[in-house]
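Engineer: Residue numbers for the sequence shown, in our numbering: 110 to 242. Idealized CB from N, CA, C, for every residue including glycine. This is the structure, below, for whatever I ask next.
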Amino acid sequence: MKKIIVVGIILLFLGSSVPALAKTQSSEHYKVYIGAGVYREHEGKIGYGWHMTVENDGDTTITVVRSYNETTLSGKVLFNSSFPPISLPPGGWTGCGGADFYPIARIYLTVVVGNMTYSKTGYMIGPFVLIVG
Numbered sequence: 110m111k112k113i114i115v116v117g118i119i120l121l122f123l124g125s126s127v128p129a130l131a132k133t134q135s136s137e138h139y140k141v142y143i144g145a146g147v148y149r150e151h152e153g154k155i156g157y158g159w160h161m162t163v164e165n166d167g168d169t170t171i172t173v174v175r176s177y178n179e180t181t182l183s184g185k186v187l188f189n190s191s192f193p194p195i196s197l198p199p200g201g202w203t204g205c206g207g208a209d210f211y212p213i214a215r216i217y218l219t220v221v222v223g224n225m226t227y228s229k230t231g232y233m234i235g236p237f238v239l240i241v242g
């Protein structure tokens with residue numbers, strides 16, 4: 110019994126003198142670009158078409174969902190698209206864009222990353238987009 114206690118005390122002493130291994134904490138860090146034009150790292154207000162891009166600069170995989178809707182000015186749905194969720198690994202990026210040719214339409218661009226939602230609205234006149242909010 111005494112040997113077990115002595116061995117336990119020695120192990121406790123040695124164990125307390127060994128530095129703990131540092132654990133790297135995961136961090137979600139990403140950039141979301143929603144805007145007019147075709148450049149993925151630009152949040153333009155006026156441009157040819159539109160884009161929604163997410164870049165994962167963190168060290169964890171993130172989940173991204175994108176949706177795009179077009180309506181007439183009176184609210185009639187012209188186009189409604191929701192892209193399936195994707196897992197975006199660290200260092201990765203995903204993007205989509207488009208340019209339609211309706212005479213005039215209201216557009217709604219939405220990106221969901223985890224539990225955060227980012228959205229912008231605007232107008233499309235032919236293939237040209239004006240982001241207003």
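Taking 8 Å as the threshold, find out whether the region 142-162 comes into contact with the region 223-238 through three or more Cβ pairs.
Structural biologist: Yes, since at least three Cβ pairs between the region 142-162 and the region 223-238 fall closer than 8 Å, the two stretches touch.
Engineer: Which class does residue 213 belong to by DSSP, given the choice of helix, strand or coil?
Structural biologist: Here residue 213 refers to the residue found at position 104 when the sequence shown is read from its first residue. DSSP places residue 213 in coil when its eight states are reduced to three.
Engineer: Taking all protein chains shown into account, decide if residue 161 is buried (16 or more other Cβ within 10 angstroms of its Cβ) or exposed.
Structural biologist: Taking the first residue of the sequence shown as 1, we reach residue 161 at position 52. Burial call: buried.
Engineer: Does DSSP put residue 154 in a helix, a strand or coil?
Structural biologist: Your numbering for residue 154 matches position 45 in the sequence shown. In this structure, residue 154 counts as coil in the three-state DSSP scheme.
Engineer: In the DSSP output, what is residue 237 paired with across the bridge?
Structural biologist: Position 128 of the sequence shown, counted from the start, is the residue given in the question as residue 237. The partner list for residue 237 (beta bridge, DSSP) reads 157 and 234.
Engineer: Thinking C-beta only, is residue 231 closer than 8 Å to residue 220?
Structural biologist: Taking the first residue of the sequence shown as 1, we reach residue 220 at position 111. Taking the first residue of the sequence shown as 1, we reach residue 231 at position 122. No, Cβ-Cβ distance for residue 220 and residue 231 is not below 8 Å.
Engineer: Starting from residue 186, follow its DSSP beta bridges and name the residues at the other end.
Structural biologist: In the sequence shown, residue 186 corresponds to position 77, counting from 1. Beta-bridge pairing links residue 186 to 180.
Engineer: If the criterion is Cβ atoms closer than 8 Å, does the pair residue 169 and residue 214 meet it?
Structural biologist: Residue 169 sits at position 60 when you count from the first residue of the sequence shown. Residue 214 sits at position 105 when you count from the first residue of the sequence shown. For residue 169 and residue 214, no; Cβs fall outside 8 Å.
Engineer: In chain order, what residues of the same chain lie with their CB nearer than 8 Å to the CB of residue 198, ignoring the 5 residues before and after it?
Structural biologist: As a first step, residue 198 is located in the sequence shown; it is residue number 89 there, counting from the start. Excluding residues within five positions, the ones whose Cβ falls inside 8 Å are 165 and 170.
Engineer: Classify residue 225 as buried or exposed, calling it buried when 16 or more other Cβ atoms lie within 10 Å of its own Cβ.
Structural biologist: Taking the sequence shown and counting its residues from 1, the one referred to as residue 225 is at position 116. Per the 10 Å Cβ criterion, exposed.
Engineer: Grab me the residues of residue 176's own chain with a C-beta within less than 6 Å of its C-beta, minus the 5 sequence neighbours each way, in chain order.
Structural biologist: Taking the first residue of the sequence shown as 1, we reach residue 176 at position 67. Once the five neighbours on either side are set aside, the close Cβ partners of residue 176 are 191 and 219.
Engineer: How close, in whole Å, do the beta carbons of residue 203 and residue 195 come, if the pair is a contact with beta carbons under 8 Å?
Structural biologist: In the sequence shown, counting from the first residue as 1, residue 203 sits at position 94. In the sequence shown, counting from the first residue as 1, residue 195 sits at position 86. Yes, they are in contact, since the Cβ atoms of residue 203 and residue 195 sit about 6 Å apart, within 8 Å.
Engineer: How far does the beta strand (DSSP E) with residue 142 in it extend, from its first residue to its last?
Structural biologist: Counting from 1 along the sequence shown, the entry for residue 142 is found at position 33. Counting along the chain, the beta strand (DSSP E) containing residue 142 begins and ends at 139-145.
Engineer: Does residue 204 come out as helix, strand or coil in the three-state DSSP assignment?
Structural biologist: Numbered from 1 along the sequence shown, position 95 holds the residue referred to as residue 204. Correct three-state label for residue 204: strand.
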